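K.L.:
Numbering (our numbering), first residue to last: 9 to 552.
1. Can you tell which of 325, 473, 478 has the C-alpha that lies nearest to the C-alpha of residue 502?
2. Would you mind stating whether residue 459 and residue 475 have Cβ atoms separated by less than 8 Å?
3. Would residue 313 be called buried (16 or more neighbouring beta carbons within 10 Å of its own) or exposed?
4. Mind the definition here: the region 254-267 touches the region 314-321 only if three or more C-beta pairs lie below 8 Å; say whether that holds.
5. Determine the DSSP secondary structure at residue 335, reduced to helix, strand or coil.
6. Count the other C-beta atoms from every protein chain shown that fall within 10 angstroms of the C-beta of residue 478, then say buried if there are 16 or more, exposed otherwise.
7. Residues in its own chain within less than 6 Å of residue 136 by CB, not counting five upstream and five downstream?
8. Do residue 430 and residue 372 have their beta-carbon atoms positioned less than 8 Å apart in this structure?
9. Check this for me: beta carbons of residue 325 and residue 343, under 8 Å apart or not?
10. Exposed or buried, what is residue 62 when buried is set at 16 or more other beta-carbons lying within 10 Å of its beta-carbon?
11. Rank 278, 174, 380 by C-alpha distance to the C-alpha of residue 152 and give the top, closest one.
12. Let me know the secondary structure DSSP gives residue 261 once reduced to three states.
13. Between which two residues does the alpha helix (DSSP H) harbouring residue 137 extend?
14. Would you mind giving the Cβ-Cβ distance between residue 156 and residue 101, rounded to the nearest angstrom? I have them listed as a contact below 8 Å.
15. If we call anything under 8 Å between Cβ atoms a contact, is residue 529 one with residue 510?
16. So who's on the other strand from residue 447, going by DSSP bridges?
17. In the DSSP assignment, find the unbroken beta strand (DSSP E) run with residue 325 in it and report its ends.
18. When the distance is taken between beta carbons, is residue 335 closer than 8 Å to residue 410?
19. Could you compute how far the alpha carbon of residue 515 sits from the alpha carbon of residue 399?
20. Got a sec? Which residues, its chain only, sit under 7 Å from residue 25 by beta carbon, not counting five neighbours each side?
21. Sort out for me which residues DSSP pairs residue 80 with in a bridge.
22. Using a Cβ-Cβ cut-off of 6 Å (strictly less than) and excluding sequence neighbours within five positions of residue 208, which residues of its own chain qualify?
23. Under the three-state reduction of DSSP, which class applies to residue 206: helix, strand or coil?
24. Output the distance between the C-alpha atoms of residue 273 and residue 85, rounded to the nearest integer angstrom.
25. Between residue 6 and residue 378, how many whole angstroms is the CB-CB distance? I'm expecting something under 8 Å.
26. Taking residue 132 as the reference, which of 462, 168, 466 has the closest Cα?
27. Keeping to the same chain, check which residues put their C-beta closer than 6 Å to that of residue 160; ignore five residues upstream and five downstream.
28. For the alpha helix (DSSP H) containing residue 368, list its first residue and its last residue.
29. Given this structure, state the Cα-to-Cα distance separating residue 333 from residue 180, to the nearest angstrom.
30. Report the CB separation of residue 244 from residue 193 in whole angstroms; it is logged as a contact under 8 Å.
31. Grouping DSSP H, G and I as helix and E and B as strand, with all else coil, what is residue 512?
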């Protein structure tokens with residue numbers, strides 16, 4: 009049949025569906041085991057014969073048979089089609105068709121790495137046969153990439169698929185928040201085509217523009233003008249999320265808003281950040297009984313999932329705004345724990361430690377309880393019978409570096425004295441927590457306790473509580489070590505209740521007991537002179 013006649017037949021009919029039938033030729037059965045990615049001509053598992061599957065809109069009659077003269081394979085499906093409707097709109101196939109290997113009857117043209125796969129190709133076949141197709145936010149990106157792959161340009165025919173999909177993207181998709189997000193999510197399996205034809209860039213810029221206007225454009229918009237878009241953006245893949253955040257930064261959005269969006273994304277994709285740590289304060293009766301499960305992980309994570317989590321952590325840390333008010337200290341410490349658990353780069357961990365140090369006055373002691381993780385063993389606590397300092401359940405070295413970064417930063421800002429009260433309480437409470445670790449060496453405890461300058465301390469009650477906790481946990485300390493430990497605190501800075509407790513504490517060396525007694529006597533003598541502020545609560549000391 010001539011080509012004009014074929015075109016006339018195609019224009020009179022519409023297709024309701026493509027019927028897929030399994031090939032039944034027994035001689036071809038052995039060849040079906042070939043890999044689809046093989047470059048050779050193969051007989052695949054499925055065949056679609058266009059001439060036999062075109063029906064009327066109401067499926068009342070079958071179109072007359074028109075012998076097919078061309079075969080195209082996409083993934084595991086071969087389509088037996090007519091040459092003219094395809095090459096008249098697809099410049100790529102038209103160029104390949106003139107090659108002798110493809111032109112010979114019986115050979116199959118394989119389209120490897122076809123964007124969108126066989127489902128998208130079937131839609132394009134409908135378009136080539138003049139049948140109506142529906143564009144929507146789910147298929148337009150794949151159709152745009154596939155039309156670019158097949159070179160369906162205006163030079164071949166006016167109103168070809170490239171121009172139609174471009175128009176739909178520009179005038180329909182990008183004007184709608186919901187459609188833009190849907191298209192961007194559909195781009196995740198269409199690389200590198202979506203990058204080359206700028207679909208991802210246009211979608212990210214459109215989302216950033218709409219988000220920066222602080223206007224509700226979705227039915228689910230909340231009353232918070234700054235965060236209505238967080239949930240939608242948090243569903244995107246990490247590389248697309250980063251591009252949106254970068255575009256939003258360029259539009260001058262407040263760092264706090266960007267920080268909240270990053271926190272929302274982390275909450276969705278890093279669930280381990282918000283799960284309770286189990287067994288952090290149970291040490292067992294012997295130093296060797298340090299076996300714990302962190303985050304309640306019962307199954308070993310797959311390598312692919314571990315790599316994905318590592319990528320997300322590294323990416324989120326890299327886009328957190330530099331301003332101190334962007335994210336709270338608690339979030340930075342949670343990210344630090346995740347970074348250590350997944351063994352991200354030392355440079356990134358160091359950067360997080362420095363950032364935590366800049367806002368350390370906002371931290372709480374529970375946030376500083378960072379487990380010691382074993383490298384490349386995500387989710388498991390270190391349990392090594394090496395030196396005691398290597399077997400502590402908490403990572404003391406990380407906290408020490410964080411305090412050192414804080415001191416360095418505050419000395420530069422000349423604000424150390426103003427924040428000393430909060431930091432001393434934080435350090436004392438942290439020392440009291442880690443003092444219950446039987447593997448914590450006296451040297452490490454002493455180094456931590458002496459990090460903050462002595463002149464910044466007004467009272468030593470918290471420090472005394474931590475020292476007494478350490479002595480109870482380590483009853484075998486020598487007298488020398490006990491004296492060495494107690495030299496850290498100044499008995500003259502103890503409250504009256506603390507002095508009374510220390511004077512009766514047989515865990516302390518004799519010299520410290522005497523000093524505490526003398527300090528208590530001084531407290532009583534000066535009580536009427538306005539030193540009530542130095543008194544603690546007797547209830548606290550009764551607990552020791």
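All residues carry an ideal CB built from backbone N, CA and C; glycine is no exception.
Computed from a prediction, not measured in an experiment: that's the story for all the values here.
P.N.:
Here's the rundown:
1. Looking up residue 502 in the chain shown gives position 494. Minimum Cα distance to residue 502 is reached at 473.
2. Looking up residue 459 in the chain shown gives position 451. Looking up residue 475 in the chain shown gives position 467. Taking 8 Å as the Cβ cut-off, residue 459 and residue 475 do not qualify as a contacting pair.
3. Within the chain shown, numbered from 1, the residue matching residue 313 stands at position 305. By the neighbour-count rule (16 or more Cβ atoms within 10 Å), residue 313 is not buried but exposed.
4. These segments do not touch.
5. Against the chain shown, residue 335 aligns to sequence position 327. It is coil, neither helix nor strand.
6. Numbered from 1 along the chain shown, position 470 holds the residue referred to as residue 478. That one is buried.
7. Here the question's residue 136 lines up with position 128 in the chain shown. Contacts found: 93, 94, 97.
8. If you number the chain shown from 1, residue 372 lands on position 364. If you number the chain shown from 1, residue 430 lands on position 422. Not closer than 8 Å, so no.
9. Along the chain shown, one-based indexing puts residue 325 at 317. Along the chain shown, one-based indexing puts residue 343 at 335. Yes. Within cutoff.
10. Translated into positions along the chain shown, residue 62 becomes position 54. Residue placement at residue 62 cannot be trusted, given a pLDDT of 44 that sits under 50; the coordinates are not used to answer.
11. Numbered from 1 along the chain shown, position 144 holds the residue referred to as residue 152. Looking at the Cα atoms, 174 is the closest of the given residues.
12. For the purposes of this step, residue 261 is identified with residue 253 of the chain shown, where counting begins at 1. Here residue 261 sits in coil by DSSP.
13. Counting from one through the chain shown, the residue named residue 137 turns up at place 129. Where residue 137 is concerned, there is no enclosing alpha helix (DSSP H), given that its DSSP letter is neither H nor E.
14. As a first step, residue 156 is located in the chain shown; it is residue number 148 there, counting from the start. As a first step, residue 101 is located in the chain shown; it is residue number 93 there, counting from the start. Actually they are not in contact, since the Cβ atoms of residue 156 and residue 101 sit about 13 Å apart, beyond 8 Å.
15. Position 521 of the chain shown, counted from the start, is the residue given in the question as residue 529. Position 502 of the chain shown, counted from the start, is the residue given in the question as residue 510. For the 8 Å CB-CB criterion, residue 529 and residue 510 do not form a contact.
16. Here residue 447 corresponds to residue number 439 of the chain shown, with the count starting at 1. In DSSP, residue 447 forms no bridge with anything.
17. Reading the chain shown from its first residue, position 317 is the one you call residue 325. It is not in any beta strand (DSSP E) - residue 325 instead sits in the alpha helix (DSSP H) that spans 311-327.
18. As a first step, residue 410 must be located in the chain shown, where it is residue number 402. As a first step, residue 335 must be located in the chain shown, where it is residue number 327. Taking 8 Å as the Cβ cut-off, residue 410 and residue 335 do not qualify as a contacting pair.
19. Indexing the chain shown from 1 puts residue 515 at position 507. Indexing the chain shown from 1 puts residue 399 at position 391. Going from the Cα of residue 515 to the Cα of residue 399 covers about 25 Å.
20. Along the chain shown, one-based indexing puts residue 25 at 17. With a pLDDT of 32 at residue 25, under the threshold of 50, the predicted position of this residue should be treated as unreliable, and no value is reported.
21. Residue 80 sits at position 72 when you count from the first residue of the chain shown. DSSP lists 87, 117 as partners of residue 80.
22. By one-based count along the chain shown, residue 208 stands at place 200. Correct list, in chain order: 195, 202.
23. On the chain shown, residue 206 is found 198 positions in, with the first residue counted as 1. Coil, per DSSP.
24. Position 265 of the chain shown, counting from 1, holds the residue named residue 273. Position 77 of the chain shown, counting from 1, holds the residue named residue 85. Cα-Cα distance, rounded: 39 Å.
25. The requested residue 6 is not part of the displayed model; the chain covers only 9 to 552.
26. In the chain shown, residue 132 corresponds to position 124, counting from 1. Measuring from the Cα of residue 132, the nearest candidate turns out to be 168.
27. The residue given as residue 160 occupies position 152 in the chain shown. If we look at residue 160 and ignore the five residues flanking it on each side, its Cβ neighbours are 97, 98, 168, 169, 170.
28. Counting from 1 along the chain shown, the entry for residue 368 is found at position 360. In the DSSP assignment, residue 368 falls outside any alpha helix (DSSP H) and carries neither an H nor an E.
29. Position 325 of the chain shown, counted from the first residue, corresponds to residue 333. Position 172 of the chain shown, counted from the first residue, corresponds to residue 180. For the pair residue 333 and residue 180, the Cα-to-Cα distance works out to about 38 Å.
30. Here the question's residue 244 lines up with position 236 in the chain shown. Here the question's residue 193 lines up with position 185 in the chain shown. 6 Å between Cβ atoms; contact.
31. On the chain shown, position 504 is the one that residue 512 refers to. Judged by DSSP in its simplified three-state form, residue 512 adopts coil rather than helix or strand.
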